[in-house]
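There are 2 protein chains.
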Amino acid sequence: MSVDRIRGVLSPVVTPFKPDLSPDPERFVRHCRWLLSQNVGLAAFGTNSEANSLSAEERMELLERLVEAGLDPGRMMPGTGCCALPDSVRLSAHAVKLGCAGVLMLPPFYYKGVSDEGLFRAFAEVIERVGDRRLRVYLYHIPPVANVPITLPLIERLLKAYPDSVAGMKDSSGDWSNTKAVLDAFAPAGFDVFPGSETFLLAGMRGGGVGCISATANVNPGPIARLAATWKSPDADNQQKRLDEIRTIMQGYVMIPALKAAISHWGGDAGWAAVRPPLVELDAAQASALVAQLQAKGFDMPGLASTR
Amino acid sequence: MSVDRIRGVLSPVVTPFKPDLSPDPERFVRHCRWLLSQNVGLAAFGTNSEANSLSAEERMELLERLVEAGLDPGRMMPGTGCCALPDSVRLSAHAVKLGCAGVLMLPPFYYKGVSDEGLFRAFAEVIERVGDRRLRVYLYHIPPVANVPITLPLIERLLKAYPDSVAGMKDSSGDWSNTKAVLDAFAPAGFDVFPGSETFLLAGMRGGGVGCISATANVNPGPIARLAATWKSPDADNQQKRLDEIRTIMQGYVMIPALKAAISHWGGDAGWAAVRPPLVELDAAQASALVAQLQAKGFDMPGLASTR
Numbered sequence: 091m092s093v094d095r096i097r098g099v100l101s102p103v104v105t106p107f108k109p110d111l112s113p114d115p116e117r118f119v120r121h122c123r124w125l126l127s128q129n130v131g132l133a134a135f136g137t138n139s140e141a142n143s144l145s146a147e148e149r150m151e152l153l154e155r156l157v158e159a160g161l162d163p164g165r166m167m168p169g170t171g172c173c174a175l176p177d178s179v180r181l182s183a184h185a186v187k188l189g190c191a192g193v194l195m196l197p198p199f200y201y202k203g204v205s206d207e208g209l210f211r212a213f214a215e216v217i218e219r220v221g222d223r224r225l226r227v228y229l230y231h232i233p234p235v236a237n238v239p240i241t242l243p244l245i246e247r248l249l250k251a252y253p254d255s256v257a258g259m260k261d262s263s264g265d266w267s268n269t270k271a272v273l274d275a276f277a278p279a280g281f282d283v284f285p286g287s288e289t290f291l292l293a294g295m296r297g298g299g300v301g302c303i304s305a306t307a308n309v310n311p312g313p314i315a316r317l318a319a320t321w322k323s324p325d326a327d328n329q330q331k332r333l334d335e336i337r338t339i340m341q342g343y344v345m346i347p348a349l350k351a352a353i354s355h356w357g358g359d360a361g362w363a364a365v366r367p368p369l370v371e372l373d374a375a376q377a378s379a380l381v382a383q384l385q386a387k388g389f390d391m392p393g394l395a396s397t398r
Numbered sequence: 091m092s093v094d095r096i097r098g099v100l101s102p103v104v105t106p107f108k109p110d111l112s113p114d115p116e117r118f119v120r121h122c123r124w125l126l127s128q129n130v131g132l133a134a135f136g137t138n139s140e141a142n143s144l145s146a147e148e149r150m151e152l153l154e155r156l157v158e159a160g161l162d163p164g165r166m167m168p169g170t171g172c173c174a175l176p177d178s179v180r181l182s183a184h185a186v187k188l189g190c191a192g193v194l195m196l197p198p199f200y201y202k203g204v205s206d207e208g209l210f211r212a213f214a215e216v217i218e219r220v221g222d223r224r225l226r227v228y229l230y231h232i233p234p235v236a237n238v239p240i241t242l243p244l245i246e247r248l249l250k251a252y253p254d255s256v257a258g259m260k261d262s263s264g265d266w267s268n269t270k271a272v273l274d275a276f277a278p279a280g281f282d283v284f285p286g287s288e289t290f291l292l293a294g295m296r297g298g299g300v301g302c303i304s305a306t307a308n309v310n311p312g313p314i315a316r317l318a319a320t321w322k323s324p325d326a327d328n329q330q331k332r333l334d335e336i337r338t339i340m341q342g343y344v345m346i347p348a349l350k351a352a353i354s355h356w357g358g359d360a361g362w363a364a365v366r367p368p369l370v371e372l373d374a375a376q377a378s379a380l381v382a383q384l385q386a387k388g389f390d391m392p393g394l395a396s397t398r
């Protein structure tokens, strides 16, 4: 059942905008192609993609542009979970139709303090309405942002009701004890757990995880993918340590504008810096400081500039 | 400038759903007509309308149905603030085109910890892109749900930049000290402040407010509107006390399903109980208990059943 599933390292691909703040498909396709060349898959329309600042129509058009450009939908896990049921259904059905390996699904995140019964119904309605055996749902647990958690009892209930459709989870809680509990409870039965940051990549692989889905895979894809592929090697702990150094620098800034500032610099393309409100781009001093900190660690984005 | 503005009591109109969970325009129009008959205006597509569980298309169609049914758009303040800029622009422009008195605008609410600069840009982009002098924006401060606050410095900056478009605020903080601070700072210059519950109706009117926008105005519209109209009368404090008794009962349940349970009962229309996930309707025991508590206070919804 799980042999052909999408695994390893995925990036919530940052979404480039034109000066008028409309999405920029050309830059988007180029960045996705570069990520794939670094052995990183495409969790497009994640939190760090500013996906919730995009309309459903904008997401669908960008996804179509990737597929039209010849990128492999088997390496794609677009985010499709919205507040409104019809939007989640429409985006998920669209992704399945395009052949995407899976969809990463936020719970409806406006109403807070909702019950597991209500969240079960929310996911169940999407799965039933999409009604396609090819659908693979990855539950997206990101309580620091969504403020609506996906609990272990909810996972258990969804797996029991939809064992073929519910394929795994991204855990962006930043709480290893939660990730470990999910791994221990569900990974042995084939539930694919992706920690939401490479910080937990090695611990996750050792605990039965299948990779990670990480913002910083937008800028440091090769080394993160290398650890996922070689986590049993003797230098795995050293690799993890080097990844953590880069991650720590990035976390010293607001993540999304910092990712875009790094891509602007190493790609030689100032147009990448734009973000949609309510986010604000790094100012010149912040961007310079970020670049200097990364350079001091020997950081590079090999091949990025040549794709511009 | 402010003479013809929408004021008094408004209801975030609950949205009825058919058994397949699609919106039910007929029940919606009937409930809105009843609210208007009780001197309560229509803040359709608010938090208690499950607006964020509706797609943009569903909201626009429901609003068109109200106007087509002959209801006065001058008594409407639909919610139009979404996470994605193009959705907020589209909904706001649509409401203005239909002649709505104003729009109630949530900040983009997915990303947390965003700056006032980013939120200023978010509102400014919507106002600029709608680009219509008839637009009247009411800022929607509801930190317990949106988790993204609208601060006093942000209001000040928006008022300075867009004095004609930024007309007022709904304060659903539940924090009277915040409402009072907003009233003191901005009401004297014509900024219309609506507390987010009738709990603060009398205090708000005495402090320079213009009414309230309250979930429970869906079920108790007449008495709430009466206090707004007669707040200077000697029995105002007694009126407030009676409103508080009903509000307290409603707050003992999850608000949205409780509103729908009350409408189901007093309207003699079981079809009203449906909610969209992630919400869950009251069970039979809860609904019975709610009705009994309300009946014990002499509660009624006069004229509701005859509109069914």
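Read top to bottom, the protein sequences are chains R and G. Counting from 1, position 174 in the first sequence corresponds to residue 264 in our numbering; the numbering is continuous, with no gaps. Counting from 1, position 14 in the second sequence corresponds to residue 104 in our numbering; the numbering is continuous, with no gaps. Even for Gly, the Cβ is constructed at its ideal location relative to N, Cα and C.
Helix, strand or coil at residue i [DSSP, three-state]
{"i": "GLY361(G)", "result": "helix"}
{"i": "LEU262(R)", "result": "Note that residue 262(R) is Ser in the sequence shown here, rather than Leu. Residue state, collapsed to three classes: coil."}
{"i": "PRO176(R)", "result": "helix"}
{"i": "MET391(R)", "result": "coil"}
{"i": "SER304(G)", "result": "coil"}
{"i": "LEU132(R)", "result": "strand"}
{"i": "GLY192(G)", "result": "coil"}
{"i": "ALA257(G)", "result": "strand"}
{"i": "PRO368(G)", "result": "coil"}
{"i": "GLY221(G)", "result": "coil"}
{"i": "MET91(G)", "result": "Because the pLDDT at MET91(G) is just 44, under 50, the model does not fix this residue reliably, and the value given afterwards should be weighed accordingly. Reduced to three states, the DSSP call for MET91(G) is coil."}
{"i": "SER323(R)", "result": "coil"}
{"i": "MET166(G)", "result": "strand"}
{"i": "PHE284(G)", "result": "strand"}
{"i": "GLY312(R)", "result": "helix"}
{"i": "PRO113(R)", "result": "strand"}
{"i": "GLY208(G)", "result": "helix"}
Contact list for residue i against chain G, beta-carbon separation under 8 Å
{"i": "LEU175(R)", "result": "LEU111, SER143, ARG366, PRO367"}
{"i": "GLY208(R)", "result": "PRO367, PRO368, LEU369, VAL370"}
Short Cβ contact (8 Å threshold) for residue i with residue j
{"i": "ASN142(G)", "j": "ALA174(R)", "result": "yes"}
{"i": "TYR228(R)", "j": "MET167(R)", "result": "yes"}
{"i": "SER74(G)", "j": "ARG226(G)", "result": "With chain G covering only 91 through 398, there is no way to say anything about residue 74(G)."}
{"i": "MET345(R)", "j": "ALA305(R)", "result": "yes"}
{"i": "LEU125(G)", "j": "PRO311(G)", "result": "yes"}
{"i": "LEU111(G)", "j": "ALA364(G)", "result": "yes"}
{"i": "SER262(G)", "j": "GLY280(G)", "result": "no"}
{"i": "PRO367(R)", "j": "GLY208(G)", "result": "yes"}
{"i": "ILE353(R)", "j": "VAL309(R)", "result": "yes"}
{"i": "ARG149(G)", "j": "VAL300(G)", "result": "no"}
{"i": "PRO106(R)", "j": "TRP362(R)", "result": "yes"}
{"i": "LEU394(G)", "j": "GLY342(G)", "result": "no"}
{"i": "VAL99(G)", "j": "ALA307(G)", "result": "yes"}
Rounded Cβ spacing between residue i and residue j (contact assumed at less than 8 Å)
{"i": "PRO102(R)", "j": "ALA133(R)", "result": "5 Å"}
{"i": "PRO163(R)", "j": "GLY189(R)", "result": "4 Å"}
{"i": "PHE210(G)", "j": "LEU244(G)", "result": "6 Å"}
{"i": "GLU371(G)", "j": "PRO392(G)", "result": "Going by Cβ atoms, the distance from GLU371(G) to PRO392(G) rounds to 25 Å, so no, they are not a contact pair."}
{"i": "LEU292(G)", "j": "TRP321(G)", "result": "6 Å"}
{"i": "LEU156(G)", "j": "VAL186(G)", "result": "That pair is no contact at about 15 Å."}
{"i": "LEU273(G)", "j": "GLY297(G)", "result": "5 Å"}
Partner residues on chain R for residue i, Cβ-Cβ distance less than 8 Å
{"i": "LYS250(G)", "result": "Going along chain R, no residue has its Cβ under 8 Å from LYS250(G), so there is no contact; the nearest lies around 18 Å."}
{"i": "SER205(G)", "result": "PRO368, VAL370"}
Cβ neighbour criterion (16 or more within 10 Å) applied to residue i
{"i": "ASP114(G)", "result": "buried"}
{"i": "SER396(G)", "result": "exposed"}
{"i": "SER92(R)", "result": "In this prediction, SER92(R) has a pLDDT of 48, which is less than 50 and means its spatial position is unreliable; nothing more can be read from the coordinates."}
{"i": "ASP327(R)", "result": "exposed"}
{"i": "LYS270(R)", "result": "buried"}
{"i": "ASP282(R)", "result": "buried"}
{"i": "ALA360(R)", "result": "exposed"}
{"i": "ALA386(G)", "result": "exposed"}
{"i": "GLU116(R)", "result": "exposed"}
{"i": "THR289(R)", "result": "buried"}
{"i": "ARG180(G)", "result": "buried"}
{"i": "ALA191(R)", "result": "buried"}
{"i": "GLY136(G)", "result": "buried"}
Chain G contact residues for residue i, given Cβ-Cβ distances below 7 Å
{"i": "ALA212(R)", "result": "PRO367, PRO368"}
Listed by chain order, chain G residues near residue i by CB distance under 9 Å
{"i": "GLU215(R)", "result": "LEU111, ARG366, PRO367"}
{"i": "GLU154(R)", "result": "Those do not exist, as GLU154(R) stays about 17 Å from chain G at its closest Cβ, beyond 9 Å."}
Contacts of residue i in chain A (Cβ-Cβ under 9 Å)
{"i": "PRO102(G)", "result": "Absent from the structure is chain A; the protein chains it does hold are R and G."}
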